[in-house]
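Taking this note's numbering, the leading residue of the sequence shown gets 1, the next gets one more, and so forth.
Okay, structure first, notes after.
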Amino acid sequence: MKIIVDADAAPKNALDICRAAAARYSLQLVTVANFNHRIESDRHVVVGDAPQEVDIRVINLTGRKDIVVTQDWGLAAMILGKGAFALSPSGRVFQKDSIDFLLEEREIKARFRRSGGRTRGPKKRTAEDDRNFKKSLVRLIESSLKTTGK
């Protein structure tokens with residue numbers, strides 16, 4: 001099992017929490033971002049800035065039972081299809097039974113924006129987001145380690 005972070009849009013605090021969890025549980029931490037980002041990581045993968053390039057690399061690096069941290073619902077859906085876990089930086093654990101609804105919601109909002117409408121951006125990150133993220137990450141790691149017997 002490893003933790004893979006879609007680091008293009010990952011908040012610094014979420015990256016720090018991932019580093020600490022990876023060290024605590026002796027897991028490999030992989031960060032993936034395009035070359036426009038400066039990420040301090042022992043295992044950082046830099047890709048070009050073509051559309052979806054980070055997502056494609058994250059998918060290719062992901063194996064069953066890995067934990068992927070991403071804000072991208074489309075990427076989360078593909079990760080779940082590989083038998084891995086997907087977690088948002090705010091602590092939302094993406095589930096197979098609700099991902100279709102999220103993708104439909106994303107499409108409706110995109111259509112609305114294309115027709116000239118405006119939608120809200122993400123809320124400012126809070127300390128509560130950090131606590132929720134850490135709690136969800138640790139829960140995923142520990143439950144996965146129990147099922148793999150390590």
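Quick reminder that beta carbons are idealized off the backbone N, C-alpha and C, glycines included.
Specify whether the segment 73-91 and the segment 126-133 touch according to this definition: at least 3 beta carbon pairs, one from each stretch, less than 8 Å apart.
yes
Which same chain residues end up closer than 7 Å to residue 33 when comparing Cβ atoms and leaving out the 5 residues on each side of it in sequence?
7, 8, 39, 46 and 54
For residue 28, which of 60, 4 and 50 has the nearest alpha-carbon?
4
Using 8 Å for Cβ pairs, my map puts residue 81 next to residue 64. What's the rounded Cβ distance?
About 11 Å; that fails the 8 Å criterion.
Status (buried if at least 16 other CB within 10 Å, exposed otherwise) for residue 97:
exposed
Mind checking residue 49: buried by the 16 CB within 10 Å criterion, or exposed?
exposed
In three-state DSSP terms, what is residue 85?
strand
Restricting to Cα atoms, I'd like to know which of 126, 141 and 12 is closest to residue 23.
141
Which residues in the same chain as residue 109 place their Cβ atom closer than 7 Å to its Cβ, once the five residues preceding and following it in sequence are excluded?
119
Which whole-angstrom value is the C-beta distance of residue 21 and residue 137, which I expect to be below 8 Å?
5 Å
Counting only beta-carbon separations shorter than 8 Å, does residue 124 have a partner in chain B?
Absent here is chain B; the protein component of the structure consists of one chain.
Neighbourhood of residue 76 by C-beta distance below 7 Å, restricted to the same chain and skipping five residues each side
70, 86, 94 and 99
In this structure, what does DSSP give as the bridge partners for residue 134?
Beta-bridge pairing links residue 134 to no other residue.
What's the C-alpha gap between residue 35 and residue 44?
11 Å
Would you identify the three-state DSSP class for residue 59, choosing helix, strand or coil?
helix
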